[in-house]
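Below is one structure, written out as structure tokens; comments come after it.
2 protein chains.
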Amino acid sequence: MKNTLPKSIRKLIEELSKLPGIGPKSAQRLAIYLLHQPSGRIKDFGEAVIGLKDGIVFCEKCWNIAEDKVCPVCADEGRDSKTICVVEEVLDVVALEKTRDFHGVYHVLHGALSPIDGVGPDQLKIEALFERVRGGVDEIILATNPSLEGEATALYIQKGLKDVDCRVTRIARGLPVGGDLEYADEVTLSRAIKGRGEF
Amino acid sequence: MKNTLPKSIRKLIEELSKLPGIGPKSAQRLAIYLLHQPSGRIKDFGEAVIGLKDGIVFCEKCWNIAEDKVCPVCADEGRDSKTICVVEEVLDVVALEKTRDFHGVYHVLHGALSPIDGVGPDQLKIEALFERVRGGVDEIILATNPSLEGEATALYIQKGLKDVDCRVTRIARGLPVGGDLEYADEVTLSRAIKGRGEF
């Protein structure tokens, strides 16, 4: 087989294929799609990629990514800095902010405990969390994922905080809104019953 | 809602969301994935995007994209330049080359007739095809997609070639290999019966 595509296109297809969730066929389609775009748009896209890390630092309080020393949430004086919501990833903060229902601050762990992947407490920002809590906190909301790793991480943090005088809560696990009881898995359903509240 | 993501990341998410098949959530994931990659890889990717159009021209014979005046297929003297396979898009050439079963040359139309989208014969490389055929050709294989637009395009070209002394064929339509007769749609099945061959 002769590869009939020019080198610059093959190079971009190769780079696109490395992205998660993009296979060789999608990469081909994306590259040809881009080829048909005006040069200005292609340049904008390429520069956005190259400039991605420009001026990005970690917030010195919550370890979220930020442009300044302190992220917009931690810098906001209207937020309750005594309530800390602990999440695994940066995008979890974005998702929670969209709800507009949380008015405290965050702590980004940058992962979850997973011995099989070599991720122990030292690879996460857990010690930094304990440090923050020692400064005096009302409530720690453990909002790690309801997965094996997320639960283990929540448990580890809870144990580490047992001598500290603050409320430790875990986000509710139950049926997703719009979900169907009949199709829910047993563990979720069991959680939904155990976690039932007054109506 | 406060957008907690730094500007450079928001910019890349915006650019990624413009790509076909990539929604805002995937764009977020891709941007954060890239952020965790080494700077060298990010630079390679960005430069591959910016350099995409560098040195790319259309083959002056078949209108495929190429790095030289003539694409590798047209330049190959081992290929039968009297047999022309007419396709809609550049990626169709890549797909056909993978079969290793075609030893002629191609003609890329860059689309299919679609009056509703304002694509008439003048927007496609159809006149260029007629020009090529006048130079003397043995066979024209119409390999446009088996869709409404592709069939209309094939029909239009066939009509335009009716006074020319060359064989005009259409790629076979029937059951895809590995497919299931029971689940095939009626039009495909009808085509498969009409197009049956000696066994």
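For the protein sequence lines, the chains are A and B, in the order given.
Under the working numbering, the first sequence is numbered contiguously, ending at residue 199.
Under the working numbering, the second sequence is numbered contiguously, ending at residue 199.
Even glycine gets a Cβ: it sits at the ideal position worked out from N, Cα and C.
Within chain B, the residues that C71 (chain A) reaches when beta carbons sit closer than 7 angstroms: T4
What residues in the stretch 42-68 of chain B have a beta carbon less than 8 angstroms from any beta carbon of chain A? Residues passing the 8 angstroms Cβ filter: I42, K43, D44, F45, G46, E47, A48, V49, I50, G51, L52, K53, D54, G55, I56, N64, I65, A66 and E67.
Buried or exposed: H107 (chain B), going by 16 or more other Cβ atoms within 10 Å of its Cβ? buried
Can you find the residues in the same chain that come closer than 7 angstroms, C-beta to C-beta, to F130 (chain B), ignoring five residues on each side of it along the sequence? G160
Of the residues B:G118, B:G135, B:A75 and B:G104, which one's Cα is nearest the Cα of V87 (chain B)? B:G104
Identify the residues that DSSP records as bridge partners of D165 (chain A): which are they? None, per the DSSP bridge assignment.
Just by C-beta distance, which residues in the stretch 75-96 of chain B are closer than 9 angstroms to chain A? D76, E89, V90, L91, V93 and V94
Closer than 8 angstroms to chain B by CB, L19 (chain A): yes
What beta strand (DSSP E) runs, 3 residues minimum, are completely inside the stretch 100-182 of chain A? 104-108, 139-142 and 167-170
Would you kindly work out how many angstroms separate the C-alpha atoms of V137 (chain A) and Q28 (chain B), rounded to a whole number? 31 angstroms
Pick from B:A95, B:R134, B:D122 and B:G111: whose alpha carbon is nearest that of E149 (chain B)? For the residues B:A95, B:R134, B:D122 and B:G111, the minimum Cα distance to E149 (chain B) belongs to B:G111.
Is the beta carbon of L113 (chain A) sitting closer than 8 angstroms to the one on A152 (chain A)? Remark: C-beta atoms of L113 (chain A) and A152 (chain A) approach each other more closely than 8 angstroms.
What is the rounded straight-line gap between the Cα of L34 (chain B) and the Cα of A192 (chain A)? Roughly 37 angstroms between the two C-alpha positions.
In three-state DSSP terms, what is M1 (chain B)? Below a pLDDT of 50, predicted positions are generally treated as unreliable, and M1 (chain B), at 46, falls in that range; the measurement from the model is reported next regardless. M1 (chain B): coil per DSSP, three-state reduction.
Distance, Cα to Cα, I141 (chain A) vs G40 (chain B)? 37 angstroms
Straight-line gap, E97 (chain B) to I126 (chain B) (C-alpha atoms, nearest Å): 22 angstroms
Report yes if the CB atom of P6 (chain B) is closer than 8 angstroms to the CB atom of I56 (chain A), and no otherwise. yes
Would the beta-carbon of V70 (chain B) fall within 8 angstroms of that of C85 (chain B)? no
In or out: T83 (chain B) buried (at least 16 other Cβ within 10 Å) or exposed? buried
Rounded to whole angstroms, what's the CA-CA distance from D117 (chain B) to A184 (chain A)? Just pull it up for me. 45 angstroms
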